[in-house]
Structures are given as C-alpha cells and as structure tokens.
Amino acid sequence: YQKRELWIYMAEVFLTWCRRGVDGFRCDAGYMIPAAAWKYIIARVREQYPDTVFLLEGLGGKISVTEELLDNANFDWAYSELFQNYDRGQIEFYLPGALHLSSRKGIMINFAETHDNNRLAATSKTYARMRTALCALVSPNGAFAFTNGVEWLATEKIDVHEASSLNWGAEDNLVEHIRRLNAILTVHPTFYGRVELRLIQEGEGNFIVLSRYQPTGDTFLLILVNLDLEQRTNAAWYYPANAASCLEFTDLLSGRRITVAADGGRHSLELDPGQVLCLSANHHDLELVNQALEKAPVPATLQLNQVARAKALEVFYHYHGLEQLQTFDPDAAAARLLADPEEYCRELNPHSEESRAITWRWPVDCRREVMIPPNHFLLVHSPFPFRASIEDGRKILGSENSLPTATGSSFILFKPMEVPGRHRSLKLKLRVYDPEKTRSAAAPLLLLSRLRDVRIKKRFNRADILHTPLLFLGTNGRGAMMRTSILWSRINSRYDALLAANLDDQIPVDRQVMFSRCRAWVVFQGYSQAVNKDCLQSFTFDYHSRGRWHYRIPTGQGENLHLIVSMAMVPENNKILLTFQRTDNHDQDRRLSRREKITLILRPDIEDRNFHQTTKAYLGPENQWPAAVDAHDHGFTFQPAADHRLEMTVSDGRFIRQPEWQYMVYRPLEAERGLDPNSDLFSPGYFSTSLGGDETVTLTAEVMSGDNSLTEQEAETEPAIFPAAKEDKSPDLDQELSSALEHFIVRRGDYQSVIAGYPWFLDWGRDSLIVVRGLIAAGRVEAAENVLIQFGRFEERGTLPNMIQGNNAGNRDTIDAPLWFMVAVNDMLKKENNHEFLEAQADRRSIKEIIFSIGTSLIRGTANGITMDPSSGLLFSP
C-alpha cells in the first residue's frame, strides 16, 4: 500500500461491489492497511455511494489506530470488545472508554457474539439471553449486532471455512427476545442523539447498573444486569445528579411494573441470576414498544425526522445559502416538506411561483424519459418505501432512501445536479419495497444543459442516420411540402414525397403528390453503383428548406467518387431543385481522377394523388398516366388532368423515355396504423448525364396549376447547394428556432395562417391561435397580426373554425379557439405596449368588435353549446 496505484485499484474493487448492490463492508484487520489509503478508498466510494457503511474489525489492534481510522479515515463503526469482557470488573474497566470513544470518534458496535468466540448458547440459554440484552441495552446509539445463529441458540462454534450448524428453526430460541430488544432500540429516544451513558452501580456483587439520560427530552432509562448465572444479587445504585429519583418503573423487556427500594439516596433491587431489566419511569414507553412489535419494521421516527430536517435544509440552502440561516426553523420546515414536498420547494423558490421540482412516479413513468432542466429538483414518488439512485454510466450522481409523506406514500427529493454543457442521458434505478415482493426498475432521464449551451444538431454522420429514422422537411410558405426520409430513395409512408404540391394559388388545400422519389445510379466503365445508404457518409440541413447528402461511391480499383446531392424547395412555388455535384476535398482517400467522367442515371417515380390516398395502377393510371407524358430532350411534362401538370428537366443531359411501373410498394408506417400499406409508382423514363470533377447538374421538378400564375412570380430562390456544417451547433438559437417557424406560417389570401402540423394537417383554428403566442414571443409581430386578422374574419356568434378546408370554415367543433384568440390579442397588446391593434380591421369589423362579439356570445350561449354560469362566471361546454 505504499504504491498509490493499489489505492486506486482497491477503490474500484469496492465500487464494483457497490454497483452490485452491496451497501456496507466489514473490513477485517483494517488496521493492517495505512490510514491514508483507507481515507482515499472511503472517499472514492462515498463520492458515489454516500450511505455506504465501513465497519472496522480492529480487534487485536491498538486503540490509537482504531481512533485514527474512525476519526481521520472516516470509518463509520468499529467492533467494541464488550463481547469479551465478562464480569463487573472487566466491564467497569472497558465500557466507559468505549462509550467515550463512540461519542468523539465513531460508533463502537456491541456484538453479542462473534465468529472467533464460543457460542453463547454453549454455556446456557440464560447466558445467551443475558449477554444479548446486555450488549443491546448498553450500546451507544443502539449499535447492537450478533452473529447469525444466536437467535436460534446455536451451540456449534463457527468455522469460517465450513458450514457450521445455525440450529435454524429451533423451537427453543431467542427470536422474540431479540425482536423486543430491537423494538426498544428503535423507539426509545435514549438510543438516539446526544445521550449521557453512565455506570452508576454501587456496592458489592457481579452486576452493573447503567443510566441512559437524554437531556433534550428529559427521558431516562435504567439498565440493570446480573452478570452472575448462579447467584441472586442485590443491585444498588445512586442516581446521577441530572436524573430524577424514581421508585416506580415499567420493565420494557417483560412489561412488569417494578418498585425499587430506597435508603436515602441509595436505591436497590434484587435480581435473579442472569436477569436483565430495562426500566422506564414513563409507562407510555411500553406502549411504544408494543406498537413497534405489532407493525412491519420501519425507520424510527427520530431518525426520519433527522433525515427530513436535513433534506429541508438542503432545499433551503439551495435557494438561500447560509446568509438567511438564522430564519430557518428545521422542525417546521421538515413538517412542511413531509406534508407536500413539491409545495415546500415552491414556497422556498424566490425567483418565481414554480416548484422547480420535476415529478417522476413509480410505476407509471418507468418507460418514460423524463427531462430535468437546469437547477430543478427531481421528485420521485412511490406508494411504497423505496431506494433510488441516479447513474451516469458507471458513476452514481445521487443515492437516497425514501421519506414518508403525510398521505402514507413515499418520496425522494434529489437536489439539482451539476448542469452539463450538453444534454446528458442518465438512468434512474429503484428498488421498491412492495409488501408482496421487492421490485427493481430502471428508467431513462435526460439532464438538460443551459439554454445558452443548447446546440441544434444540423449535421448527421453515417452512424446517426443508420440508427435514427430521420426525416427532412422543406416547405414553400404556401402549404406545399418536400418530406422525405434521409435515405431519400426509401418510402416509409404515403405522406413521403419529394414534391407534394398545393394546387390553389391563394389558400392551403389538400396536397397533391406528384413526385414521390428519385432513384439514382453512378455508372463508370460499365459498373453501376446505386446511390443509397450503403454509400452515404453524412447529411446536413438548414431551415431554408435545403438538405445536403454526402456520398462516397466506389468506382473500382480502390478508387472512390464523392458525390454531393442537394435538395431545395423554392419559396412561393411548387418547385424543387435536386443538384448533383462531384467534389474533391483533398483528403487521403483515393479519388477517381477529375478527368474521368462518370454517368449519372436519375429515374423519377411519379404519381398524381391526394396525399391521404394511395395509387392503384389497375384502377386506371396504368393506361392513363403513360399517355399523359410528353417527353422532350431534357425532360418531360406529365399532365394527368387539365388543371395541373408536372414538369421535370435536367440542366445538362437527356431524358430517355422508358416507362416502368413498380407495384405494391410497401409503406411500413401505414401497416403499423392498420391502413393500406401498398401503393403503386410510375416512372416515365430516366435522365442520363455525365459528370466530371467539380461539375454540377440540376434536376428541376415543378408542379403548375391553373393559369400558371405561380411560376410567373419572381420568387426569391435560395441556392440549392450550400456548404456542409463544420460544427454541430447553431450560432444563434433564437434565430434558428425563428427560422424553423417559417415552415408553419403560410399565406392565405391577403393574410397568413398556420399549418397545424406536417404531414397530415392544414390550418386549424385553435392550433394557429396557440402558435400566435409563440410568434409574438419571437418578435414576429406582423405575422401574428395577419393570423389574428385572418381568423377574426371567421368569427361568428362567438365561434371560430376548428379547421379550414380550403374556403370551408364550417367546422366549428372547438371549445377553446375563441379563448385562445383573446389570449393572443392580449399578448399582442402587451408586446406593443399600446391598444392600436384593437382598431385593426378584419373585413368590416375591428378586432375590438370581434372580442366583444366573442365575450357577449359566450355569456349568452353559443351555437355549439358553450355558455357562462351566471353565478360563478365559469364557462360550461358540453
């Protein structure tokens, strides 16, 4: 142990056993290891498992070494040697020193018997009964123990290398005797805290008398022990000055009333051979003992109160530190904590009315990942007592036993943890002590970083993509969408499409899927390689409806081609751009020479269907769609109906007409939902183009409808190619989140609305009005005003549309949309710090008039059954 490496190794040994559930260690001959080594080992263990007990077996070692290990190395307990002190003289010599050591350095445990000595019952049952009672009742803080077999009056000496008989299940035993001793140790206050223990025997005889006096509660016990197994003895004593002189007692061991004799200040009582008495002047103490025997073992009230006071102080210190400690009442605080731990956290929070306590309930939350924000407590609830720990890999961040609430359930309140720089996945482990059986559980936690440390992941490597079902969303601000799996040649749902167009140029309507996917191949020297997940290296996106795929494609002879595929949706148009670029980033990879050209084959799969439906070729498209294709050198036009068409062109290359159907293309998400998972896809042909080093080609797909007014607009188009993100972070989180909102804000006529969610929904009333509050908070005031004016136009006798289908706002099956409208208007007035918006016109009415219409209609009763209770002012909804 002169080598520090051994300290580290041994600390890991102890931690390994802690992880396996061990919560205490008996350290045999611990004095043989240097105190400095123990100090390090114990500190390492306590860092993660603070309740772990270290018991020193220091028998045969110097008492000075025992003191050092208890005091400096932080052992909890040590063996006392009372078990090998037998008569009055030996006990009078040994016990005062051991009690003094316990009060200053660490608890000395009174073992009634150890494996190194002959069994107590080998002498007699009376002897075993007397020695167990002696060791228990004179112990400091109730620190009493015994070797297994004592309770069954086992007589065969233990051989640690053999399986000695425990006399298990013997009818003649000390089970009830030891149960009663433990009950006394559990409930009586003289076995807790600062208690004065003093030997007060007087006169001749082989007996002892010990007084146990607790000054704070003015409680008192008198322990009388006749150490002689053959002779009766007259035990005599003088009461200490701080104890009242009593003559009438109750024996907590037998339940009998006892009267002692008095001669001046000298008191005495005749004891039978081997008799032990535990005398209390308070008869109520016997009731406490009997109650403890009648119910399942629980932690003592005094112990629980001490733990509750410590936990209450921990919460107080978190918010107020030491400066206001003089105002802290630990008993009152502990009572409030046990009555309602969440409310206690709330009342101490000086910053807001939040409790800042995240609640986790067993067993309902076992399969839920619970997020813990910075500076928040974790409040774990269970109907039964339990123990819980929070683990970060192999490290324990917290481990505690539950406290009982006033309602009979149990809880643990974990203090706020150190805030990580990045979100960290943790594990909550529990052992729940259900009366039927002990149950184990584990659940995920997510410890959140501070807002300033939040990073939005915008670049995904190959491992991310293969293990996470990622989707890419692009929108045009008018209700159309590009929604595709990152593995973009794969279709998982009927809602996946490279181009799902909005055919109305004024309002959002059901999307029309016309370009479902694009399959691609690279051909070099007659060798064809599919552009798919096998070659995918990374994916990057931004919030301008642009995605970027990086492929590393083998071309033979150990060489590779690096291909960048970019997709972008053009704002205000039903139009997407797919750009393919060969790149050379000068790494050590063996690249195909820039002079060598490759052939790129692109085969589009197209449809013409409402996005809620599927395509069945046999119902007509099998004959109709090929006839609707008009091919030319650089692309084709697909016009399955008079009012809309799809045009696809390539910037450099040619289109080869070669119709192909793919039948029964399986969509797994629809299968999971019990819907028809199979749909057919039509491909009119393929594009062929050549690419040299650093060359680029763009495939354009555009849906045009009506008089083609959309494409005549000079819409500002973001470039399709953008550089890959070099870091996994966003420079401005607020800006990124605000940009993400753009996907959901759409034009509706002269105003704006909000898409309730992709891929299924259009603009819904209550959803739009809830989002308005976020727009206001993000500073998007103009957009928020447009949405409020838009929906204000639809107000009718206190109702607003639940959803809008095209121009149909007849669905008013929503209770709270009008209320959210008023809340959003109030947020707007606070944001602008004036009331000007109330005069804004929504058709022929002002916002103020619309608010009054909603209010008066709710009071009188609306057409959909909402009305106000006149006595309370509360709204009722059927």
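Number 969 in the working numbering belongs to position 638 of the sequence shown; there are no gaps in the numbering.
Glycine is no exception: its CB is placed at the ideal position from the N, C-alpha and C atoms.
Asked: Between which two residues does the beta strand (DSSP E) carrying residue 908 extend?; Found: 906-913
Asked: Just verifying my parser: in three-state terms, what is the DSSP assignment at residue 662?; Found: helix
Asked: Measure how close the beta-carbons of residue 722 and residue 777 come, nearest whole angstrom, since I'm counting them as under 8 Å.; Found: 14 Å between Cβ atoms; not a contact.
Asked: Please identify the residue among 480, 860, 504 whose C-alpha is closest to the C-alpha of residue 495.; Found: 480
Asked: By the three-class DSSP mapping on this structure, what secondary structure does residue 485 have?; Found: coil
Asked: Should residue 1177 and residue 1121 be called a contact, given that it needs their Cβ atoms to be closer than 8 Å?; Found: no
Asked: Shortest alpha-carbon distance to residue 1124 belongs to which of 1037, 935, 1080, 893?; Found: 1080
Asked: Less than 8 Å separating the beta-carbons of residue 1029 and residue 982?; Found: yes
Asked: Considering only residues of the stretch 944-1001, which uninterrupted alpha helix (DSSP H) runs meet the minimum length of 4 residues and lie entirely inside it, listed in chain order?; Found: 952-958
Asked: DSSP state of residue 376, grouped into three classes?; Found: helix
Asked: Relative to the alpha-carbon of residue 738, which residue among 565, 992, 669 has its alpha-carbon at the smallest distance?; Found: 669
Asked: Please list the terminal residues of the continuous beta strand (DSSP E) segment that includes residue 898.; Found: 890-900
Asked: Give a yes or no on contact between the stretch 439-451 and the stretch 559-573, applying the rule of three or more CB pairs nearer than 8 Å.; Found: no
Asked: Hey, out of 655, 531, 477, whose CA is closest to residue 572's CA?; Found: 531
Asked: Please classify residue 563: does DSSP put it in a helix, a strand, or coil?; Found: coil
Asked: Using 8 Å as the threshold, is the C-beta distance between residue 560 and residue 610 below it?; Found: no
Asked: Do residue 418 and residue 584 count as a contact pair if the criterion is CB distance below 8 Å?; Found: no
Asked: Could you work out which residue in 936, 832, 813, 1138 is closest to residue 878 when comparing CA atoms only?; Found: 813
Asked: Taking only three categories from DSSP, how would you classify residue 864?; Found: coil
Asked: Looking only at its own chain, which residues have a Cβ that is under 6 Å from the Cβ of residue 619, when we skip the five neighbours before and after it?; Found: 518
Asked: With a cut-off of 8 Å on the beta carbons, I'd call residue 371 and residue 389 a contact; round off their distance for me.; Found: With a Cβ gap of about 19 Å, residue 371 and residue 389 do not count as contacting.
Asked: Please list the terminal residues of the continuous beta strand (DSSP E) segment that includes residue 598.; Found: 597-602
Asked: Which full runs of the alpha helix (DSSP H) of 4+ residues lie inside the stretch 736-813, going along the chain?; Found: 793-798
Asked: Should residue 1006 be labelled buried (16 or more other beta-carbon atoms within 10 Å of its own) or exposed?; Found: exposed
Asked: Check residue 449 in the structure and name its three-state DSSP category.; Found: coil
Asked: Kindly indicate which residue of 351, 352, 364, 360 has the alpha-carbon position closest to the one of residue 341.; Found: 364
Asked: Could you tell me the boundaries of the alpha helix (DSSP H) in which residue 1161 lies?; Found: 1148-1163
Asked: Measure the alpha-carbon distance for residue 995 versus residue 820 and round it to whole angstroms.; Found: 16 Å
Asked: Compute the Euclidean distance between the alpha carbons of residue 713 and residue 766, then round it to the nearest angstrom.; Found: 13 Å
Asked: From which residue to which residue does the alpha helix (DSSP H) around residue 1095 run?; Found: Residue 1095 -> no alpha helix (DSSP H), and no H or E assigned at all.
Asked: Measure how close the beta-carbons of residue 1170 and residue 1179 come, nearest whole angstrom, since I'm counting them as under 8 Å.; Found: 7 Å
Asked: Rounded to a whole number of angstroms, what is the C-alpha to C-alpha distance between residue 1035 and residue 902?; Found: 14 Å
Asked: According to DSSP, residue 1127 sits in a beta bridge with which residue or residues?; Found: 1130
Asked: When the Cα of residue 1129 is compared with those of 875, 1151, 1068, 1135, which residue comes out closest?; Found: 1151
Asked: Relative to the alpha-carbon of residue 683, which residue among 663, 707, 671, 697 has its alpha-carbon at the smallest distance?; Found: 707
Asked: Can you give me the C-alpha to C-alpha distance between residue 1118 and residue 1091, rounded to a whole angstrom?; Found: 20 Å
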